[in-house]
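Report on the structure given below.
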Ligand code: BGC
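In UniProt numbering, the protein residues as written are 1 to 393.
Right, dumping it as structure tokens:
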């Protein structure tokens with residue numbers, strides 16, 4: 001066995017262990033077991049982690065996660081009912097009126113922050129402002145993409161396993177989510193990176209459209225189809241305004257790596273759509289740095305490096321686009337960026353936008369950046385499985 005093959009085997013083993021061993025008995029996944037800030041279950045991270053579990057033959061574990069989400073959403077049903085009523089009565093909204101991006105591991109809402117504003121609200125007030133939506137110190141929890149992600153994940157689970165009974169088991173929470181997304185999709189909210197709460201991020205819109213599209217393959221509801229078309233049109237208009245490239249958010253002229261989700265996994269637009277192709281070209285020019293993919297050009301989080309999950313996504317795109325050489329280069333980059341014990345971090349901190357901020361986050365604020373990150377391990381396994389299938393075709 002070559003060194004490379006041996007190393008790949010070790011990373012795969014580590015990735016499977018990280019995903020299987022960190023799932024709670026109730027089905028929830030922490031974002032990272034070793035990073036205190038990440039000892040919560042995000043619907044976005046959790047969904048991709050469950051997708052990886054499914055891909056590697058652990059459908060039972062994936063189902064446990066979706067059952068946890070199902071129970072959790074039913075438990076917090078009153079939030080959606082309250083939001084509906086407040087919107088009807090045109091009452092002022094606060095952050096407590098929205099479903100959160102992350103729950104505690106037991107599926108509860110986290111306690112409001114009582115320590116005052118964390119550092120980043122002072123340093124980058126525009127990035128983290130809640131703009132009237134509650135206390136500035138609280139976690140930026142209003143993130144609609146998480147709910148599109150859950151719809152996509154549960155639909156994908158049902159399609160892959162043909163477990164139709166599960167659709168019926170989850171019907172109330174799925175319907176609740178559809179109602180929630182109908183109420184919120186036009187509102188600015190925090191993006192998948194939990195920033196820019198006053199904007200409408202394109203990947204958030206794409207996640208909603210993709211989730212609704214996936215679930216509507218079962219429902220075949222014309223009203224839902226109409227909603228999907230309206231969301232897609234909004235995304236297309238944002239690209240038209242930006243010269244045929246998907247912007248980071250409506251009105252922006254710069255891009256975000258998470259626009260990759262519009263094609264994979266959400267299939268909102270095909271990989272050869274001219275705006276997708278133009279966005280990838282720009283991404284290659286601006287965000288593919290040192291072999292890995294950045295979130296966006298002026299990202300400040302831990303200085304702004306290259307993300308494992310995004311690099312895997314670009315790799316998945318290349319596989320679909322029949323560019324295996326480019327996919328190989330990205331896979332090798334990902335595999336060369338593990339940390340101690342083959343643990344994947346969130347991002348590589350080698351080629352940073354702002355090296356000085358890395359020191360602040362690490363030494364003054366949150367400590368070493370998280371590793372292992374379940375989402376990174378999950379995307380690696382998904383990418384590798386598709387990669388091996390593609391090159392053995
Ligand atoms: C990322 C989010 C992610 C969270 C937990 C944040 O740093 O921006 O996308 O959900 O970490 O992994």
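Yeah, the Cβ is synthetic: ideal placement off N, Cα and C, and Gly gets one too.
Being a predicted model, the structure only gives us computed values, none of them experimental.
Residue 197 and residue 142 look like a contact to me (Cβ under 8 Å); what is the Cβ gap, rounded to whole Å?
For this step, residue 197 is matched to residue 197 along the chain shown. For this step, residue 142 is matched to residue 142 along the chain shown. Confirmed, about 7 Å.
Near the ligand BGC: residue 120 beta-carbon under 7 Å from a heavy atom
As a first step, residue 120 is located in the chain shown; it is residue number 120 there, counting from the start. Using a cutoff of 7 Å, the CB of residue 120 does not count as near the ligand BGC, since none of the ligand's heavy atoms is closer than that.
Would the beta-carbon of residue 175 be found less than 7 Å away from any heavy atom of the ligand BGC?
Position 175 of the chain shown holds residue 175. Not under cutoff, so the answer is no.
Cβ-heavy atom distance between residue 38 and the ligand BGC below 7 Å?
By 1-based counting over the chain shown, the position of residue 38 is 38. Judged by the Cβ position, residue 38 qualifies as a neighbour of the ligand BGC at the 7 Å threshold, a heavy atom of the ligand being closer than this.
Just to check my reading of the structure: residue 178 and residue 209 have Cβ atoms closer than 8 Å, yes? What is that Cβ distance to the nearest angstrom?
Here the question's residue 178 lines up with position 178 in the chain shown. Here the question's residue 209 lines up with position 209 in the chain shown. In fact, because the Cβ distance is near 12 Å, the residues do not count as touching under 8 Å.
Backbone secondary structure at residue 323 - three-state DSSP
In the chain shown, the residue the question calls residue 323 occupies position 323. Of the three classes helix, strand and coil, the one that applies to residue 323 here is coil, per DSSP.
What three-state label does DSSP hand residue 143 in the structure shown?
Mapped onto the chain shown, residue 143 falls at position 143. Here residue 143 carries a coil assignment [DSSP, helix/strand/coil].
So the candidates are 222, 156 and 248; which of them puts its Cα closest to the Cα of residue 204?
As a first step, residue 204 must be located in the chain shown, where it is residue number 204. Here the closest residue by C-alpha is 248.
If you compare alpha carbons, which of 362, 371 and 388 is closest to residue 347?
In the chain shown, residue 347 corresponds to position 347, counting from 1. From the listed residues 362, 371 and 388, the smallest Cα separation to residue 347 is found for 371.
What would DSSP say about residue 83, mapped onto helix, strand or coil?
For the purposes of this step, residue 83 is identified with residue 83 of the chain shown, where counting begins at 1. It is helical.
What residue range does the beta strand (DSSP E) around residue 294 cover?
One-based indexing of the chain shown puts residue 294 at position 294. That run of the beta strand (DSSP E) goes 292–294.
Quick one: using the 10 Å Cβ neighbour count with 16 as the cut-off for buried, is residue 122 buried or exposed?
Stepping through the chain shown from its first residue, residue 122 is reached at position 122. Under this definition residue 122 is an exposed residue.
Contact test: residue 31 Cβ vs the ligand BGC heavy atom, cutoff 7 Å
Here residue 31 refers to the residue found at position 31 of the chain shown. For the ligand BGC, at least one heavy atom lies less than 7 Å from the Cβ of residue 31.
When DSSP labels each residue in this structure, what does residue 200 get in the three-state scheme?
For this step, residue 200 is matched to residue 200 along the chain shown. Residue state, collapsed to three classes: coil.
Consult DSSP for residue 218 and reduce its assignment to one of helix, strand or coil.
Counted from its first residue, the chain shown places residue 218 at position 218. In this structure, DSSP gives residue 218 a helical state, which the three-state scheme calls helix.
Exposed unless 16 or more other CB atoms sit within 10 angstroms - verdict on residue 337
Here the question's residue 337 lines up with position 337 in the chain shown. Taking a 10 Å sphere around the C-beta of residue 337, we find 16 or more other C-beta atoms and assign the residue as buried.
Using a Cβ-based criterion (distance less than 7 Å to any ligand heavy atom), does residue 192 qualify as near the ligand BGC?
If you number the chain shown from 1, residue 192 lands on position 192. Checking the Cβ of residue 192 against the ligand BGC gives yes.
Quick check on residue 312: does DSSP put it in helix, strand or coil?
As a first step, residue 312 is located in the chain shown; it is residue number 312 there, counting from the start. Residue 312 falls in the helix class under three-state DSSP.
Ordered along the chain, which non-local residues of its own chain (more than five positions away) have a Cβ less than 6 Å from that of residue 28?
Walking along the chain shown from the start, residue 28 turns up at place 28. Around residue 28, the same chain offers 41, 68 and 105 as residues with beta carbons nearer than 6 Å, after the five sequence neighbours per side are excluded.
Are residue 258 and residue 173 close, meaning C-beta to C-beta below 8 Å?
The sequence position of residue 258 within the chain shown is 258, counting from 1. The sequence position of residue 173 within the chain shown is 173, counting from 1. Remark: C-beta atoms of residue 258 and residue 173 do not approach each other more closely than 8 Å.
At what residues does the alpha helix (DSSP H) containing residue 20 begin and finish?
Working through the chain shown from its first residue, we reach residue 20 at position 20. 3–21 is the extent of the alpha helix (DSSP H) around residue 20.
Reference residue 399, options 211, 250 and 315, closest by Cα:
The requested residue 399 does not occur in the structure, where the chain is confined to residues 1 to 393.
Starting from residue 344, trace the alpha helix (DSSP H) both ways and give me its first and last residue.
Taking the chain shown and counting its residues from 1, one reaches residue 344 at position 344. For residue 344, no alpha helix (DSSP H) run applies, since DSSP gives it neither H nor E.
Can you tell me where the alpha helix (DSSP H) with residue 274 in it begins and where it stops?
If you number the chain shown from 1, residue 274 lands on position 274. Counting along the chain, the unbroken alpha helix (DSSP H) around residue 274 starts and ends at 274–286.
By Cβ distance below 6 Å, which residues in the same chain neighbour residue 352 in space, the five residues on each side in sequence not counted?
Walking along the chain shown from the start, residue 352 turns up at place 352. Only 303, 304, 305 and 358 meet the Cβ criterion.
What did DSSP end up calling residue 150 once you bin it into helix, strand or coil?
The residue labelled residue 150 in the question sits at position 150 within the chain shown. For residue 150, the three-state secondary structure derived from DSSP is helix.
I believe residue 310 touches residue 318 by the beta-carbon criterion, under 8 Å. Please report the beta-carbon distance rounded to the nearest angstrom.
The residue given as residue 310 occupies position 310 in the chain shown. The residue given as residue 318 occupies position 318 in the chain shown. Between residue 318 and residue 310 the Cβ distance is about 13 Å, and since that is not below 8 Å, they are no contact.
Limits of the unbroken alpha helix (DSSP H) element including residue 361:
Within the chain shown, residue 361 is the residue found at index 361, counting from 1. No alpha helix (DSSP H) holds residue 361; DSSP gives it neither H nor E.
Using the C-alpha atoms, what's the distance from residue 46 back to residue 214?
For the purposes of this step, residue 214 is taken as the residue at position 214 of the chain shown. For the purposes of this step, residue 46 is taken as the residue at position 46 of the chain shown. Going from the Cα of residue 214 to the Cα of residue 46 covers about 18 Å.
Quick check: what's the CA-CA separation for residue 382 versus residue 315?
The sequence position of residue 382 within the chain shown is 382, counting from 1. The sequence position of residue 315 within the chain shown is 315, counting from 1. Spanning the two alpha carbons is a distance of roughly 10 Å.
To the nearest whole angstrom, what separates the beta carbons of residue 107 and residue 72, a pair I think is in contact under 8 Å?
Start at 1 with the first residue of the chain shown, and residue 107 comes out as number 107. Start at 1 with the first residue of the chain shown, and residue 72 comes out as number 72. Their Cβ separation, rounded to whole angstroms, is 4 Å, which keeps residue 107 and residue 72 in contact under 8 Å.
Quick one: is the Cβ of residue 260 within less than 7 Å of any heavy atom of the ligand BGC?
Counting from one through the chain shown, the residue named residue 260 turns up at place 260. Not one heavy atom of the ligand BGC is found less than 7 Å from the C-beta of residue 260.
With a threshold of 7 Å, establish whether the CB of residue 373 neighbours any heavy atom of the ligand BGC.
Position 373 of the chain shown, counted from the start, is the residue given in the question as residue 373. At least one heavy atom of the ligand BGC is nearer than 7 Å to the Cβ of residue 373, so yes.
Cβ of residue 360 within 7 Å of any heavy atom in the ligand BGC?
Your numbering for residue 360 matches position 360 in the chain shown. No, since every heavy atom of the ligand BGC falls outside the 7 Å radius drawn around the Cβ of residue 360.
Assign residue 265 to buried or exposed, taking buried as 16 or more other Cβ atoms, counted over all protein chains shown, within 10 Å of its Cβ.
The residue you call residue 265 lines up with position 265 of the chain shown. Residue environment: residue 265 is assigned as buried (16 or more neighbouring CB atoms within 10 Å of its CB, all protein chains considered).
Compute the Euclidean distance between the alpha carbons of residue 60 and residue 54, then round it to the nearest angstrom.
Your numbering for residue 60 matches position 60 in the chain shown. Your numbering for residue 54 matches position 54 in the chain shown. In this structure, the CA atom of residue 60 is about 8 Å from the CA atom of residue 54.
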